[in-house]
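Visitor: My structure is below; once you've seen it, I'll send some questions.
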């Protein structure tokens, strides 16, 4: 990969990149490689995530950032157990699946029940309880890849809301087609929620090929019975934490520029695209600010803890820092591929800052768009309080092939695209830290 | 997939395919879909393979083939157990692996030992015993994809021979980088052999990302200790069998045309490309001969059993039928992608049959080549006895991404390419069954 990077960098250096572009470095890729190799998976609230925080503190101090420290918080921790499934009839065969975060458990010997299948969440919602009671619900779908990742909103609701809906109707368990766009035997986990008083039931995602297989088996029209063993459990309340580092600014009263990604990952892969890439992009960009002229505003870089199980790090940050003056928030949590679109939500929608950013990012191939910026789960609580926000949208075409699977490993990170994202973040940050726009707060939002 | 197929078929129908080409049908794809959905994995010598034989007999009879029957034989059966591995130090983390066929076992609680790593089989061979004794050997490599699959010969020897070599040197176990060209967490199994009196030791393949991860961990230069649990075992001698079907010819004395693929699969996937595709291609082509003018020669179609664990079906066929007159042998065991090259090994290297075949296959885009044809594991014993042989080489560029993994599922079969392969086989068969070339035997070969 390094050879590839060097070759590609050499090729790119001879093309149309403006000569004023900041120098490329290996720092971003090195952070992804180090975190995924030396720590690997880092499930929130576990000792692996604690090792990741230690790794982060050491690395951020070595890079010369100021005020490097951990801000601990507590959170409930869920861990995976045994997970197997088998069609008993008709057409007996094993299926590959993985439990959703917060899934309930079967007994150690598992449960056996008939499948009741729905082609959508709407169909499950509309089903009478009697059709579902005592059965294993199976919800399939036809999610396809999108550049902006927007299909995750609609299809992801099957994972987020489907289990609680099935539980309220009396289902014994729920299996969903992985919320993913690949065709590999690597199921996609992700958190689910037991809202409206729904009792936890066993909830798992079949890999896409397995879900399609189950759909074909069901198409024969005979009853399909499944034996399911899922034994995850809650281990209690444990410590997680946010790792904070700063590039000190000249004018503290100008407000903080809050950037970052999340340090925790799901347990199946090594969290390369989700979200070692995000912390690497924001850190490498912040490092360029650190190495340049001292900025007016302080850049606060946060490697958030416990994003995956429900945004605990972002909430903890807002509890601790919500009253400090924040000029801007921006988050990288959409993989390591290139930035293709820029959106901003500022108090002054006619600010010259917007045309500055449009021109600066446009010069490196990134188009501006007038849609609202949202941030993400980690900066969301600050955005909800009215902090202005910028979204540098990364290409999501292949993101949901890999997202939340065992396949989220270093080889999925393209060093050339990662370098482009770091360039984009650097260009954005350089403009923001010194802008004359006061970056006044917006009215608080209901979303997030 | 069916919609894709129909669209693509409609598009192709309007292009340059000769109007004399046989009509396309869904039969090939339907066989792959049925076998992989209604049976799924079908490990040799197990009840799943027995169900697959029953499925095959029913299907072949329904298609109207003559003399459909099973020819049983016995074989030793190996089955997978628990398989886990974990780096204990440095950088503790789990690794994804799968046992090689015929692997020995650890105890139920596993073994813990230090890794000794080699970049090639040659390096392992050259290592003094003292360097290996009591250690877990790790052999990595840099296999890349090839159209003709030839890199499997060299790199595959790490799997075939590496374990016995490590065992003879006193290794506690051996891990290899999967013999594959993908970057997914789906390790590649495959048979190994305990030659020269080597005692079985635990032998497994790490997925490619896991092997690359282990290589990066080792690059830090500290000792790496692994805990390995592998509990496969031999279940004894059980029954497998070949399923035979025929298209009767007008002149039995003209010799049989033997074609087929293998019915068994590894246990991880559903054996779609290995080798439901091969039985589907040969069956769909034979069906076209069956539905056409009665051929001079009888076509004997065999769905061989127990190919994966060591070619037991091919050996059993040759024991039973070795003295019958065979005019030609040809085998499809290289996935479902398109045929790109034609090779023949005939007694008369100047036969007009060769120019007939060259022109016929050339008309549908398949180039002829003067290299020797070899058949494969199943027809190999007949080829070794001197049976003339034709190879219709399928595109192997993505074959070793999928081969022997859990990812060998229906979605990897491209209906358009599968249909092209069926067209190629039909054109070849139509020429062979009626040729005036006597298709005399060659001198027996040593290979195979």
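Residue numbers (the working numbering), protein chains in the order written: chain A, 90 to 537; chain B, 90 to 537.
Backbone N, C-alpha and C define an ideal beta-carbon position, used for all residues, glycine too.
Which one of B:357, B:393, B:358 and B:505 has the shortest CA to CA distance from residue 372 (chain B)?
Guide: B:393
Visitor: So, is the C-beta of residue 180 (chain B) closer than 8 Å to a C-beta in chain A?
Guide: yes
Visitor: What residue from B:299, B:440 and B:520 has the CA that sits closest to residue 175 (chain B)'s CA?
Guide: B:299
Visitor: Is there a Cβ of chain B sitting closer than 8 Å to that of residue 274 (chain A), yes or no?
Guide: yes
Visitor: Tell me the DSSP secondary structure of residue 232 (chain A) in three-state form.
Guide: Note: residue 232 (chain A) maps to coil in three-state DSSP.
Visitor: Counting pairs of beta carbons, one from the region 473-488 of chain A and one from the region 426-441 of chain A, are three or more of them closer than 8 Å?
Guide: When Cβ pairs closer than 8 Å are counted between the two stretches, the region 473-488 of chain A is seen to touch the region 426-441 of chain A, the count reaching three or more.
Visitor: Reducing DSSP to helix, strand and coil, say where residue 183 (chain B) ends up.
Guide: strand
Visitor: Identify whether residue 397 (chain A) lies in helix, strand or coil by the three-state DSSP scheme.
Guide: coil
Visitor: Can you name the residues of chain A whose CB is closer than 9 Å to the CB of residue 185 (chain B)?
Guide: 495
Visitor: For residue 439 (chain A), count neighbouring C-beta atoms within 10 Å of its own C-beta (all shown protein chains included) and say buried if the count is 16 or more, exposed if not.
Guide: exposed
Visitor: Take residue 199 (chain A) and list the residues in its own chain whose beta-carbon comes closer than 7 Å to its own, dropping the five residues that flank it on each side.
Guide: 316, 317 and 318
Visitor: Just to check my reading of the structure: residue 215 (chain A) and residue 257 (chain A) have Cβ atoms closer than 8 Å, yes? What is that Cβ distance to the nearest angstrom?
Guide: Going by Cβ atoms, the distance from residue 215 (chain A) to residue 257 (chain A) rounds to 13 Å, so no, they are not a contact pair.
Visitor: Does the separation of the CB atoms of residue 496 (chain B) and residue 358 (chain B) fall below 8 Å?
Guide: yes
Visitor: Does DSSP put residue 327 (chain A) in a helix, a strand or coil?
Guide: Three-state DSSP puts residue 327 (chain A) in a strand.
Visitor: So who's on the other strand from residue 163 (chain B), going by DSSP bridges?
Guide: B:328
Visitor: Counting pairs of Cβ atoms below 8 Å between the region 511-530 of chain B and the region 372-388 of chain B, do you hit three or more?
Guide: yes
Visitor: Quick one: is residue 129 (chain A) near chain B, going by C-beta distance under 8 Å?
Guide: yes
Visitor: Specify the secondary structure class of residue 198 (chain B) as computed by DSSP and reduced to three states.
Guide: coil
Visitor: Alpha carbon to alpha carbon, what distance is there between residue 488 (chain A) and residue 236 (chain A)?
Guide: 9 Å
Visitor: Hey, how far is the Cα of residue 312 (chain A) from the Cα of residue 179 (chain A)?
Guide: Taking the straight line from one Cα to the other gives about 7 Å.
Visitor: Among B:423, B:381 and B:529, which one has its Cα closest to the Cα of residue 153 (chain B)?
Guide: B:381
Visitor: My understanding is that residue 276 (chain B) touches residue 169 (chain B), with C-beta atoms under 8 Å, so please give their C-beta distance in whole angstroms.
Guide: In fact, because the Cβ distance is near 12 Å, the residues do not count as touching under 8 Å.
Visitor: Going along the region 343-363 of chain B in order, which residues come within less than 7 Å of chain A, judged by CB to CB distance?
Guide: none
Visitor: Using a C-beta cutoff of 8 Å, does residue 305 (chain A) count as contacting chain B?
Guide: yes
Visitor: How about residue 500 (chain A): is its C-beta nearer than 8 Å to some C-beta of chain B?
Guide: yes
Visitor: Going along the chain, which residues of its own chain have a beta-carbon closer than 7 Å to the beta-carbon of residue 111 (chain B), five neighbours each way excluded?
Guide: Any answer about residue 111 (chain B) is weak, because its pLDDT of 45 lies below 50 and its placement is not dependable; what the coordinates show is given next. Counting only Cβ-Cβ distances below 7 Å, and skipping sequence neighbours, we find 377, 512 and 515.
Visitor: Can you find a CB in chain A that lies within less than 8 Å of the CB of residue 126 (chain B)?
Guide: Residue contact check for residue 126 (chain B) against chain A: a CB pair falls below 8 Å.
Visitor: Count Cβ pairs between the region 391-407 of chain A and the region 154-164 of chain A that sit closer than 8 Å; are there 3 or more?
Guide: Between the region 391-407 of chain A and the region 154-164 of chain A, the count of C-beta pairs closer than 8 Å reaches three or more; the two stretches touch.
Visitor: Going by C-alpha to C-alpha distance, which of B:289, B:285, B:246 and B:281 sits closest to residue 262 (chain B)?
Guide: B:289
Visitor: Quick one, which of A:128, A:527 and A:115 has its alpha-carbon nearest residue 54 (chain A)'s?
Guide: Here chain A has residues from 90 to 537 only, and residue 54 (chain A) is not among them.
Visitor: Of the choices B:466, B:173, B:465 and B:445, whose alpha-carbon is the least far from that of residue 457 (chain B)?
Guide: Nearest of B:466, B:173, B:465 and B:445 to residue 457 (chain B), Cα basis: B:445.
Visitor: Helix, strand or coil, according to DSSP, for residue 410 (chain B) in the structure here?
Guide: helix
Visitor: Give a yes or no on whether 8 Å exceeds the smallest Cβ distance from residue 301 (chain A) to chain B.
Guide: yes
Visitor: Rounded to whole angstroms, what is the Cα-Cα separation between residue 368 (chain B) and residue 421 (chain B)?
Guide: Distance between the alpha carbons of residue 368 (chain B) and residue 421 (chain B): 7 Å.
Visitor: I think residue 294 (chain A) touches residue 186 (chain A), with their Cβ atoms under 8 Å apart; what is that distance to the nearest whole Å?
Guide: 6 Å
Visitor: Can you find a heavy atom of the ligand MN that lies under 7 Å from the Cβ of residue 317 (chain A)?
Guide: With respect to small molecules bound, the structure shown includes none, and the ligand MN cannot be examined in it.
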